[in-house]
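Position 165, counted from 1, in the sequence shown is what the numbering used here calls 165; the numbers after and before it change by one each time, with no gaps. Just below is one structure, and these are the notes that go with it.
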Amino acid sequence: MVSSSVEGPSPETRQQQFEQSVAISLHLWQSLTIAVQNNWGGPDSSDKRDWLAGVIVDMFPSFVDLAAAASASSTAEATSQNNSSKKLIDEPITEDIEETLLQVMFDEFEANVDDQSEAQVADRIMKCRAQCAVGNFALVEELRARWLDTKGKKVVAQVAADQDQDTDWDSGSDDDEGEDENGDVDMDDAPALVPVAPKEKPQPEIDEDGFEKVSRRKR
1 MVSSSVEGPS PETRQQQFEQ SVAISLHLWQ SLTIAVQNNW GGPDSSDKRD
51 WLAGVIVDMF PSFVDLAAAA SASSTAEATS QNNSSKKLID EPITEDIEET
101 LLQVMFDEFE ANVDDQSEAQ VADRIMKCRA QCAVGNFALV EELRARWLDT
151 KGKKVVAQVA ADQDQDTDWD SGSDDDEGED ENGDVDMDDA PALVPVAPKE
201 KPQPEIDEDG FEKVSRRKR
């Protein structure tokens, strides 16, 4: 079980940062993003993603509850300490998170994830959990920066039928501009290359006597 008695940020802050890391990790998961963009889970697909974030967070004991239990056990007798520890849920393992992600994708979005990307998402969430437990939010901030950088960009499913259904990363954004916040042009909106037709050779000019006029080349 992750310890919550580390000096530093309050349990409330650590819990808030962890919850944000879960939400951001799901927003950065391309498989889920494509499912939401194309409404594979129905018109409330975006709400289902938020619900999934809550499901993942609830699989972990709250840092606030862990701190309260640690504080109570420090003054309680051994028997009371054992009783209070049983009330807290155990920390899940990475495989638990993977199974939940796959199950929700199948049940709610009718999608089979076969690229093993759920393992990367689960691993990222577990790393954020471990860092938040000791008051380190470096990875959370890194993920937040990545998410902000993807806003306004598009994700295209590698399926021919879905190539015309790509939308913005930010499901709540109506920004149809070809540039993101940093002014980078989205390559999906870049104009296609058009071959340049060869210039036609000018027809010779004939004077009134039937001779071809000689034109000087411009320097």
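C-beta: ideal position from N, C-alpha, C; glycine also.
Residues near residue i by beta carbon distance below 7 Å, same chain, minus five either side
i, result
"residue 60", "91, 92 and 129"
For residue i, three-class secondary structure by DSSP
i, result
"residue 103", "helix"
"residue 11", "helix"
"residue 29", "coil"
"residue 93", "coil"
"residue 143", "helix"
"residue 16", "helix"
Backbone CA spacing between residue i and residue j [nearest angstrom]
i, j, result
"residue 39", "residue 55", "20 Å"
"residue 36", "residue 107", "14 Å"
"residue 88", "residue 65", "8 Å"
"residue 14", "residue 41", "31 Å"
"residue 17", "residue 34", "25 Å"
"residue 24", "residue 30", "12 Å"
"residue 124", "residue 57", "13 Å"
"residue 127", "residue 26", "14 Å"
Pair within 9 Å by beta-carbon distance, residue i and residue j
i, j, result
"residue 21", "residue 139", "yes"
"residue 52", "residue 150", "no"
"residue 11", "residue 62", "yes"
"residue 48", "residue 137", "no"
"residue 119", "residue 142", "no"
"residue 121", "residue 8", "no"
Residue i: CB within 8 Å of a non-hydrogen atom of the ligand MG
i, result
"residue 101", "For the structure depicted, the ligand MG is absent and the ligand set is empty, with no information on it obtainable."
Own chain partners of residue i with C-beta closer than 6 Å, once the 5 adjacent residues on each side are dropped
i, result
"residue 50", "none"
Those runs of the alpha helix (DSSP H) which lie wholly inside the segment 31-65 and span at least 4 residues | For the segment 31-65, whole alpha helix (DSSP H) runs of length 4 or above, ordered along the chain, are 45-58.
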